[in-house]
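Student: Can you keep this structure in mind? I'll have questions shortly.
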Amino acid sequence: MRLKLERRDAASRWATVAAPLIALGLAILTSLILFAALGKPAGQALYSLLLEPFDGWYNISELLLKMGPLMLIAQGLAIGFRTNVFNIGAEGQLIIGAICASALPIYFPTATSVWMLPAMIGLGAAGGAVWAGLAAGLRTRFNANEILVTLMLTLIATQVLNYLLLGPWKDPHGFNFPQSVMFPDVALLPILLPGTRVNISLLAALIASGLAYVIMRHRFSGYQLLVGGLAPRAARYAGFSESRAVWMSLILGGLAAGFAGACEVAGPLGQLQRSVSTGYGYSAIIVAYLGGLNPLGIMVSAFLMAALFIGGDNAMVSADLPVAAVFVFQGLLLVYYLGSLTFIRHRITFNGMGRA
Amino acid sequence: MTPLLQLKGISKRYGGVQANSGIDLRVDAGSIHAILGENGAGKSTLMKLIYGVEVPDDGQIIWKGQPAHLSNPSDARRLGIGMVFQHFSLFETLTVVQNMALIVPGSKAALSARIRDLGARFGLTIDPRAVVHSLSVGERQRVEILRCLLLNPELLILDEPTSVLPPPSVALLFDTLRALKAKGMAILFISHKLEEIRDLCDTATILRQGKVTARLAPRERSARELATLMIGRPMPPAVHPTPQGLGEQRLELARLDYLNDDPFGVSLSDIGLSVRGGEILGIAGVSGNGQQELAALISGELTLPGSHRDCVRLMGLPVGDLGAAERRLRSFAFVPEDRLGRGAVPDMSLSDNALLTAHSRGLVRNGFIRRQTERSFTADCIARFDVRTPGPHAEAGSLSGGNLQKFIMGREMMLDPAVLLVAQPTWGVDIGAATEIRQRLVAMRNKGAAIIVISEEIEELFEICDRLHVLHKGRLSPSLDVARTTVDEVGTWMIGAAA
């Protein structure tokens, strides 16, 4: 008797929903074993990791705060992933977005104009788009792999951030800390939920999700991207431009990441500092895939991933877990998910016995 | 006499499809036995079961009176069963003898001697030191057959061996098979070409929808009778084109050269042809002689530099440097030979596959997809072209090859193009559907469209075309008037022997 994978006649809806849940279950199981092997209190660790984020208004509001940028960036990236354009450098685009947005309040620290905030966000989004556009230009002109280019551009963006914070943009009254001046009030995003740090960028992320849904489901341009991803030869046959797909994917991803970067400095940070780069850009990749690259799924997975971020911080404190344990958990989640994806289009049969 | 091979009640199911059901078969030594059936009748499945590629769900395989359990091809080879597949499995960068040495034991020198010896005895002459990629398709097939013969099989299975051969090579192959039969070998010959079977085979088993519908001696029956048994109803009448008034020049290629970057690809040189409205131009030739490249150059999937834009003219205007989308805007449509992944996206519904090229037919407004129109266009196409499917929501990948071909053909024809290019219109399509497709092409021509058909099937081209070119090694023959040329003349061009 042999195990065999057999293609299903159509994608299984049941498996589409079950795959992320099964992945979550397996990731929990594996990490329980891992934590126990590390000699840590496994139950306590899991409680901190998975349940504490939902314990109390403060935790939930922090969760929503982290969910915003994850969701926004993931929506942008997912569009590209569906057409096989892999923008791995959202982190760099986020940093450049934060830098561009910060330029205004840093050079005009006493400004009172109401246009400050829209201009910052516009500049941030444009910066992210330009940063991603570099990769698009290199890909379409020289066929340079966008995975490598976006990744390396992230390293450059980090160094640009370091240079600015250690040099020209360092707060002269900041005790030599690598951070900019605090932004004036007109450069800060209004709070959405009073008493918390959640600002209106969460609304922007929700609107972006709606837009992503419309593009991928109802726009012909989104359809062309899908065809390019599912069957590149069919896209060529129909005459859908590949370079257009590359540009559109990277620009949309860059816009979203730059926007998110601007919202970080204008939101919870209130200044430009090195901690603007906390890995949202990388985690958004996991969020995009866990959400099945589907705009609605990404809203759910962004929520889950934000909970993991909060839970990871908690677990480090309460269960004395190393910071790597949280990354390991995220990695397990992604690997199991990609594995269980197989069953959406395939089923297991036992040789000679399997029947439809 | 104990039969060499006997099958009793063999059944095999794939998912929802019963590929073989309750098949009995008897093959004797020293005979050529035909397995006849339409595409999808279960011929290939049956051969895979005999060769151990697949295991039957039910039934018995009896070899020389003993029950045999074949779980993989090496079991079958050990018993003495050899098989030549329709698609060759040779390493192109190795020589003939190196390819053989991969599965046949013995030193290279000894193998070379045996290859020469067998080749001389059975008319399969081949140079053992030749590199495979330099061989023609016919020669590669000889290599495949020789590789089987080196293992001294008692039963040789040939899966549609003539579909890749030009007519003169078919005659050579038949001589070889007759010589093998005279030595006492049994041959299972799979085909859907009736004349060949009547010419070559002693007995025939006819399959339809996975079941045996007849066992007979093909020489005692007419081709028409065999066809009726094969498709279960009388053959649809063939269409004979009547000469029509020709319209204006629609597509013209002149001094078109194309240098292929791929070392195993084909380069085209000095291609010239033209098609007018109201005629069907055929491109004959064995696949792999530049057909794919020619089709891509006409469709715009391959484009020329701006300096050569004049080499391709569509509706009188130079389009050589324009992409596929722009050429489609100029009323061009194309049915490619590979349907899944090129003509259609397997993971998308038929509706979404209609959108692939029919988006200009009001399926998109202001950049938004109009689902209602998309669905009704698709439903219309399904109904008009008799596509067997649950409906517009079915995924393209779930359709059989023939049905998907009808869908793609329908989609492109509903665009009502001025120029239609069709590559291998009836590959993998059953006879009934193939006749229908040909009729539709002729009807389109009669309404004034310019049609180019690239096909390996000479009979098909003779049936529907007004003029023919033959493509051989990247060069195009002069235009041949179908009414005045013969299959033999075209065959000579196909192997490049014409002056």
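Going down the list, the sequences are from chains A and B. Start counting the first sequence at 464; every next residue gets the next number (the numbering used here). Start counting the second sequence at -9; every next residue gets the next number (the numbering used here). Every residue, glycine too, gets a C-beta built ideally from N, C-alpha and C.
1) Could you tell me which residues DSSP pairs with A/Val661 in its beta bridges?
2) In three-state terms, what does DSSP make of B/Gln8?
3) Just to make sure I have the definition right: I need the residues of chain D whose C-beta is within less than 8 Å of the C-beta of B/Ala19. Which are they?
4) Cβ of A/Ser706 less than 8 Å from any chain B Cβ?
5) Determine the direct distance from the alpha carbon of A/Ala592 to that of A/Pro653, and round the result to whole angstroms.
6) Locate the alpha helix (DSSP H) running through B/Lys171, then write down its first and last residues.
7) What does DSSP give as the partner residues of B/Arg205 in its beta bridges?
8) Assuming B/Leu26 and B/Ile177 form a contact by the criterion Cβ under 8 Å, report the distance between their Cβ atoms to the nearest whole angstrom.
9) Can you have a look at B/Phe112 and say buried or exposed, based on whether 16 or more other CB atoms are within 10 angstroms of its CB?
10) Where are the beta strand (DSSP E) runs, 3 residues long or more, that stay fully inside the segment 553 to 635 of chain A, in chain order?
11) Which full runs of the beta strand (DSSP E) of 3+ residues lie inside the segment 401 to 456 of chain B, going along the chain?
12) Along the chain, where does the beta strand (DSSP E) containing B/Val74 start, and where does it finish?
13) Consider the Cβ of A/Ser712: report whether some Cβ of chain B lies at a distance smaller than 8 Å.
14) Indicate whether at least one CB of chain A lies closer than 8 Å to the CB of B/Leu(-6).
15) Just to confirm my understanding: we take B/Leu155, look at its own chain, exclude 5 residues before and 5 after, and list those with CB closer than 6 Å. What are they?
16) Tell whether a beta-carbon distance below 8 Å holds between A/Ala553 and A/Ala725.
17) Measure from the C-beta of B/Glu490 to each C-beta in chain A and report whether the shortest distance is under 8 Å.
18) Please look up how many angstroms separate the CB atoms of B/Gly331 and A/Arg545, rounded, as I've assumed it's under 8 Å.
19) Under 6 Å Cβ to Cβ from A/Leu468, same chain only, skipping five residues before and after it: list those, please.
20) Cα-Cα, which of A/Gly775, A/Ile619 and A/Ile496 is closest to A/Gln793?
21) When we look at the beta-carbon of A/Ala819 and count the other beta-carbons within 10 Å, is it buried (16 or more) or exposed?
22) Reducing DSSP to helix, strand and coil, say where B/Ser153 ends up.
23) So is B/Thr347 in contact with chain A if we call contact Cβ pairs under 8 Å?
24) With a threshold of 7 Å on Cβ separation, who are the neighbours of B/Pro208 within its own chain once the five nearest residues in sequence on each side are excluded?
25) Per DSSP, what are the beta-bridge partners of B/Lys54 in this structure?
26) For B/His77, name the three-state secondary structure that DSSP assigns.
27) Give the range of the alpha helix (DSSP H) segment to which B/Val302 is assigned.
28) Is it the case that the Cβ atoms of B/Asp18 and B/Pro57 are separated by a distance below 8 Å?
29) Can you give me the C-alpha to C-alpha distance between B/Ala373 and A/Ala486, rounded to a whole angstrom?
30) Please go through the same chain and pick out, in chain order, the residues whose beta-carbon is closer than 8 Å to the beta-carbon of B/Thr104, but skip the five residues on each side of it.
31) For A/Ala819, which three-state DSSP category applies?
32) Going along the chain, which residues of its own chain have a beta-carbon closer than 7 Å to the beta-carbon of B/Val460, five neighbours each way excluded?
33) Can you tell me the Cα-Cα spacing of B/Val74 and B/Leu108, whole angstroms?
34) In the DSSP output, what is B/Asp48 paired with across the bridge?
35) Label B/Val133 either buried or exposed according to how many other C-beta atoms from any shown protein chain fall within 10 Å of its C-beta, with 16 as the threshold for buried.
36) Output yes if chain B places a C-beta closer than 8 Å to the C-beta of A/Leu693; else output no.
Tutor: Walking through what the data contain:
1) By 1-based counting over the first sequence, the position of residue 661 of chain A is 198. In the DSSP output, where bridge partners are listed per residue, A/Val661 has none listed.
2) In the second sequence, residue 8 of chain B corresponds to position 18, counting from 1. Correct three-state label for B/Gln8: strand.
3) The structure shown has no chain D; the protein chains it does contain are A and B.
4) The count along the first sequence starts at 1 and reaches residue 706 of chain A at position 243. Interface flag for A/Ser706 against chain B is unset, since no Cβ pair is found closer than 8 Å.
5) As a first step, residue 653 of chain A is located in the first sequence; it is residue number 190 there, counting from the start. As a first step, residue 592 of chain A is located in the first sequence; it is residue number 129 there, counting from the start. Cα-Cα distance, rounded: 24 Å.
6) Here residue 171 of chain B corresponds to residue number 181 of the second sequence, with the count starting at 1. Counting along the chain, the alpha helix (DSSP H) containing B/Lys171 begins and ends at Pro157 to Ala172.
7) Locating residue 205 of chain B in the second sequence gives position 215, counting from the first residue. Under DSSP, the beta-bridge partners assigned to B/Arg205 are B/Thr195.
8) In the second sequence, the residue the question calls residue 26 of chain B occupies position 36. In the second sequence, the residue the question calls residue 177 of chain B occupies position 187. Actually they are not in contact, since the Cβ atoms of B/Leu26 and B/Ile177 sit about 14 Å apart, beyond 8 Å.
9) Here residue 112 of chain B is taken as the residue at index 122 of the second sequence, counted from 1. By the neighbour-count rule (16 or more Cβ atoms within 10 Å), B/Phe112 is buried.
10) If we require 3 residues or more, the segment 553 to 635 of chain A turns out to have no beta strand (DSSP E) run fully inside it.
11) List check, beta strand (DSSP E) in window: 409 to 413 and 440 to 444.
12) Within the second sequence, residue 74 of chain B is the residue found at index 84, counting from 1. According to the DSSP assignment, B/Val74 belongs to the beta strand (DSSP E) that extends over Ile71 to Val74.
13) Start at 1 with the first residue of the first sequence, and residue 712 of chain A comes out as number 249. Judged by the 8 Å Cβ criterion, A/Ser712 is not in contact with chain B.
14) On the second sequence, residue -6 of chain B is found 4 positions in, with the first residue counted as 1. With respect to chain A, the C-beta atom of B/Leu(-6) has no partner C-beta closer than 8 Å.
15) Mapped onto the second sequence, residue 155 of chain B falls at position 165. Gly128, listed in sequence order.
16) Along the first sequence, read from residue 1 onward, the residue named residue 553 of chain A stands at position 90. Along the first sequence, read from residue 1 onward, the residue named residue 725 of chain A stands at position 262. Cβ atoms of A/Ala553 and A/Ala725: not closer than 8 Å.
17) Residue 490 of chain B cannot be examined here, being either before or after the span of chain B that is shown, -9 to 489.
18) In the second sequence, counting from the first residue as 1, residue 331 of chain B sits at position 341. In the first sequence, counting from the first residue as 1, residue 545 of chain A sits at position 82. Actually they are not in contact, since the Cβ atoms of B/Gly331 and A/Arg545 sit about 17 Å apart, beyond 8 Å.
19) Here residue 468 of chain A is taken as the residue at index 5 of the first sequence, counted from 1. Apart from the 5 residues on each side of it in sequence, A/Leu468 sits with its Cβ closer than 6 Å to the Cβ of His809 in its chain, given in chain order.
20) Counted from its first residue, the first sequence places residue 793 of chain A at position 330. Looking at A/Gly775, A/Ile619 and A/Ile496, the one whose alpha-carbon comes closest to that of A/Gln793 is A/Gly775.
21) Sequence index remark: in the first sequence, residue 819 of chain A carries index 356 (1-based). Bear in mind that a pLDDT of 35 at A/Ala819, under 50, signals an unreliable position, so the model cannot answer this.
22) Your numbering for residue 153 of chain B matches position 163 in the second sequence. Secondary structure at B/Ser153: helix, using DSSP grouped into helix, strand and coil.
23) On the second sequence, position 357 is the one that residue 347 of chain B refers to. Chain A, which has a Cβ nearer than 8 Å to the Cβ of B/Thr347, makes this yes.
24) Numbered from 1 along the second sequence, position 218 holds the residue referred to as residue 208 of chain B. Closer than 7 Å at the Cβ level, and outside the excluded window around B/Pro208, lie Ala24, Ile187, Arg188, Cys191, Ala194 and Leu216.
25) Taking the second sequence and counting its residues from 1, the one referred to as residue 54 of chain B is at position 64. None; B/Lys54 has no bridge partner.
26) For the purposes of this step, residue 77 of chain B is identified with residue 87 of the second sequence, where counting begins at 1. Coil, per DSSP.
27) Position 312 of the second sequence holds residue 302 of chain B. Annotation for B/Val302: no alpha helix (DSSP H) segment contains it, though the beta strand (DSSP E) segment containing it runs Val302 to Leu304.
28) Translated into the one-based positions of the second sequence, residue 18 of chain B becomes position 28. Translated into the one-based positions of the second sequence, residue 57 of chain B becomes position 67. The beta carbons of B/Asp18 and B/Pro57 sit no closer together than 8 Å.
29) As a working note, residue 373 of chain B is residue 383 in the second sequence. As a working note, residue 486 of chain A is residue 23 in the first sequence. Rounded to the nearest whole angstrom, the CA to CA distance from B/Ala373 to A/Ala486 is 43 Å.
30) Start at 1 with the first residue of the second sequence, and residue 104 of chain B comes out as number 114. A small fix is needed here, since residue 104 of chain B is Arg in this sequence, not Thr. Only residues of its own chain outside the window of five on either side were considered, and among them Gly96 and Leu140 have a CB closer than 8 Å to the CB of B/Arg104, listed in chain order.
31) To locate residue 819 of chain A, count along the first sequence from 1; it is residue 356. At A/Ala819, the pLDDT of 35 sits below 50, so the modelled position is not reliable; the number obtained from the coordinates is stated separately. Coil.
32) Residue numbering aside, residue 460 of chain B sits at position 470 when the second sequence is read from its first letter. So the qualifying residues of the chain are Ala274, Gly275, Ser467, Val480, Trp483 and Met484.
33) Start at 1 with the first residue of the second sequence, and residue 74 of chain B comes out as number 84. Start at 1 with the first residue of the second sequence, and residue 108 of chain B comes out as number 118. Approximately 17 Å, taken between the alpha carbons.
34) Here the question's residue 48 of chain B lines up with position 58 in the second sequence. B/Ser1.
35) What you label residue 133 of chain B is simply residue 143 of the second sequence in a count that begins at 1. The residue is buried, with at least 16 neighbouring Cβ atoms inside 10 Å.
36) The residue you call residue 693 of chain A lines up with position 230 of the first sequence. Judged by the 8 Å Cβ criterion, A/Leu693 is in contact with chain B.
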